[in-house]
Amino acid sequence: MSHQLGVGLYGAGNVVQEAHAPAVAATAVTRLAAVCDIDQARAEALADSYGGASVYTKLADMLADPSVDIVIMATPNNLHRRDLEACARAGKHVLCEKPLAVTYPDALEMVRICQEHKVILKTGFNQRYLNQVRMARLAIESGLIGEVFSFRTVFSAKWDNWVDGSNFRWDLEKSGGATTNDNLIHRFDMIRYLLKDDYAEVVADISHCVIPPVVDDNVHLLVRTARGARGSFTADRYSPVLGDATELYGTRGSLSFWTNAGTPFFDVPLAINTTVPMSELPEVIRKAVYPSARSKQNRHVWDGWLSLWPQRNEWDTYAEQLAGMAQEILTGTRDGIGATGMDGARATELVHASYMSQIARSWVPMPLADDAPFAIPNFEKKAALA
Ligand SMILES: NC(=O)c1ccc[n+]([C@@H]2O[C@H](COP(=O)([O-])OP(=O)(O)OC[C@H]3O[C@@H](n4cnc5c(N)ncnc54)[C@H](O)[C@@H]3O)[C@@H](O)[C@H]2O)c1
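The numbers in numbering that gives the first Met the number 0 rise by one with no breaks, and the one at position 225 of the sequence shown is 224.
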């Protein structure tokens, strides 16, 4: 295998144009080998804009191309499970966009298939690579907020905020959902990643309230984790502003951050309150602190609040994610950040369990059975009940 890994883009839609194609170009150890999309003109236009690459309209043809080492799978959600097996059989490593699959059994099967064929499967939870998330994880690992027993997170984004090229999100057959498994799933992964904990139980209220397509546009979940933390996830798809906040409350302090966009309510990207003395803070955090006052002795007067502005890297996260995966393929060493296939399955498990809870109108314990029954709730009916 050469030092530069060839990437085949499967799907040439919005996230590939905006994020993955630039990431392949920005990553030293990858190069664009091929683009595959049923829309040939879209695939050709993308390949041309990066100086040329092989263009395919059938996955089997791209998989027969020996210059492709990694497939970045960014097609509509319902196709991820269907197409993964062919990639694995062809010996291609796969970076699959979130959600890994629509159902938990499908996600588990994808993990199993990749293990069987000894290829690496990663899930596209690029937000793990945001600098404020990296620093939040460091802060939690360093004990700055102690043990977390309470959290809440909100993700509000208008339905036309991120336009997909094929409108698949509003077709539940293709997407499996438009808010819970599209936006909120980033947070399902994020909280697991930060707390190093798993979900043990969920109760959901998922409804359609506003937007023209009858999909989930107003989502409220309560969860308990295996270690006994309690938290809430809320998301909507109708409010014009991007509402984006996560708060974690621990025995030694608290921490709040946003991922993409701030509001006057949450006005710094990362805020930590800790009872740990400043001298004991990890160096990278201590050096990012500018206390609001100094004492006569020229010492920092510090009330425990750390307001941090980590360097913004929103669009670099895709390249950092790809570089981490390439390093794993080339050296066998994980970067400790990138989401595995099993991380993707765990996030999909919470989507699946939330839908079960919505249908049953009760708490649903996890882990789910490997063959847990799946159905998309009748969101319209729920709105009528409200
Ligand atoms: N990580 C993130 O934050 C993020 C952001 C956006 C999208 N995504 C995920 O990426 C995936 C794609 O989303 P998008 O917004 O780019 O959608 P999109 O509709 O813009 O792109 C999908 C592409 O797949 C192509 N396609 C459809 N059926 C195909 C088939 N059978 N064979 C080959 N190509 C086919 C379409 O022609 C289209 O070009 C979804 O799973 C989505 O959840 C992730």
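All C-beta atoms, glycine included, are put in the ideal place defined by N, C-alpha and C.
Under 6 angstroms Cβ to Cβ from residue i, same chain only, skipping five residues before and after it: list those, please.
{"i": "C43", "result": "The residue you asked about is not Cys; residue 43 is Glu in the sequence shown. Correct list, in chain order: V54."}
{"i": "P239", "result": "K157"}
{"i": "Q310", "result": "N130"}
{"i": "L305", "result": "I271 and V288"}
{"i": "M0", "result": "At M0 the pLDDT is 47, less than 50, meaning the model places this residue with poor confidence; the figure from the coordinates comes in the next sentence. Excluding residues within five positions, none has a Cβ falling inside 6 angstroms."}
Taking residue i as the reference, give the member of the options with the closest Cα.
{"i": "D369", "options": "V110, A156 and W301", "result": "V110"}
{"i": "A20", "options": "D47, D204 and E146", "result": "D47"}
{"i": "Y49", "options": "P104, P75, T258 and G7", "result": "G7"}
{"i": "V101", "options": "I71, G331, D68 and N180", "result": "N180"}
{"i": "H185", "options": "L83, N125 and V15", "result": "N125"}
{"i": "G227", "options": "R251, D215, N217 and F148", "result": "F148"}
{"i": "L183", "options": "N77, V153, D170 and V28", "result": "V153"}
{"i": "F256", "options": "V162, T56, R30 and R151", "result": "R151"}
{"i": "A135", "options": "S361, P268 and N13", "result": "P268"}
{"i": "Q39", "options": "Y9, F167 and S361", "result": "Y9"}
{"i": "I139", "options": "T274, L220 and T178", "result": "T274"}
{"i": "V28", "options": "D342, P366, G340 and E327", "result": "E327"}
{"i": "L221", "options": "R80, L349 and M341", "result": "L349"}
{"i": "A87", "options": "L107, L62 and Y103", "result": "L62"}
Kindly indicate which three-state DSSP category residue i falls into: helix, strand or coil?
{"i": "H19", "result": "helix"}
{"i": "E96", "result": "coil"}
{"i": "C208", "result": "coil"}
{"i": "E379", "result": "helix"}
{"i": "P386", "result": "The question about residue 386 has no answer, for the chain in this structure spans 0 to 385."}
{"i": "N77", "result": "helix"}
{"i": "S174", "result": "helix"}
{"i": "F124", "result": "coil"}
{"i": "E246", "result": "strand"}
{"i": "D47", "result": "helix"}
{"i": "L143", "result": "coil"}
{"i": "M72", "result": "strand"}
{"i": "S353", "result": "helix"}
{"i": "T347", "result": "helix"}
{"i": "Y192", "result": "helix"}
{"i": "Y289", "result": "coil"}
{"i": "R151", "result": "strand"}
{"i": "L384", "result": "A caution first: L384 carries a pLDDT of 48, below 50, which makes its placement in the model unreliable, though a value can still be read off. It is helical."}
{"i": "M365", "result": "coil"}
{"i": "S253", "result": "strand"}
{"i": "D82", "result": "helix"}
{"i": "M0", "result": "Confidence is the limiting factor: at M0 the pLDDT is only 47, short of 50, which leaves the residue's position unreliable and the question unanswerable from this model."}
{"i": "N182", "result": "coil"}
{"i": "G5", "result": "strand"}
{"i": "V214", "result": "coil"}
{"i": "A63", "result": "coil"}
{"i": "V162", "result": "coil"}
{"i": "F232", "result": "strand"}
Going by the beta-carbon positions, is the gap between residue i and residue j smaller than 8 angstroms?
{"i": "L99", "j": "A344", "result": "yes"}
{"i": "Y128", "j": "T316", "result": "yes"}
{"i": "A338", "j": "T26", "result": "no"}
{"i": "A234", "j": "S353", "result": "no"}
{"i": "S66", "j": "P281", "result": "no"}
{"i": "G230", "j": "I190", "result": "yes"}
{"i": "V201", "j": "S356", "result": "yes"}
{"i": "D243", "j": "A260", "result": "yes"}
{"i": "T74", "j": "K97", "result": "no"}
{"i": "P364", "j": "A199", "result": "yes"}
{"i": "D68", "j": "K91", "result": "yes"}
{"i": "G5", "j": "A32", "result": "yes"}
{"i": "D163", "j": "G12", "result": "yes"}
{"i": "V209", "j": "Y237", "result": "yes"}
{"i": "A18", "j": "W314", "result": "yes"}
{"i": "A346", "j": "D188", "result": "yes"}
By Cβ distance, which residues of its chain are closer than 7 angstroms to residue i, with the 5 residues on each side in sequence left out?
{"i": "W301", "result": "M277 and P290"}
{"i": "A59", "result": "A85"}
{"i": "I358", "result": "A374 and P376"}
{"i": "N194", "result": "Correcting the residue type first, residue 194 is Leu in the shown sequence and not Asn. Once the five neighbours on either side are set aside, the close Cβ partners of L194 are V147, T224 and A228."}
{"i": "E172", "result": "N77"}
{"i": "F378", "result": "I205, S206, H207, V213, V214 and D215"}
{"i": "Q16", "result": "L45"}
{"i": "L367", "result": "Y103, E348, H351 and A352"}
Going along the chain, which residues of its own chain have a beta-carbon closer than 8 angstroms to the beta-carbon of residue i, five neighbours each way excluded?
{"i": "S253", "result": "I144, E246, L247, I271 and N272"}
{"i": "L83", "result": "M72, V93, C95, M109, I112, C113 and L120"}
Can you determine whether any heavy atom of ligand 2 sits closer than 7 angstroms to the C-beta of residue i, and answer yes or no?
{"i": "R80", "result": "Absent from the structure shown: ligand 2. Ligands present: ligand 1."}
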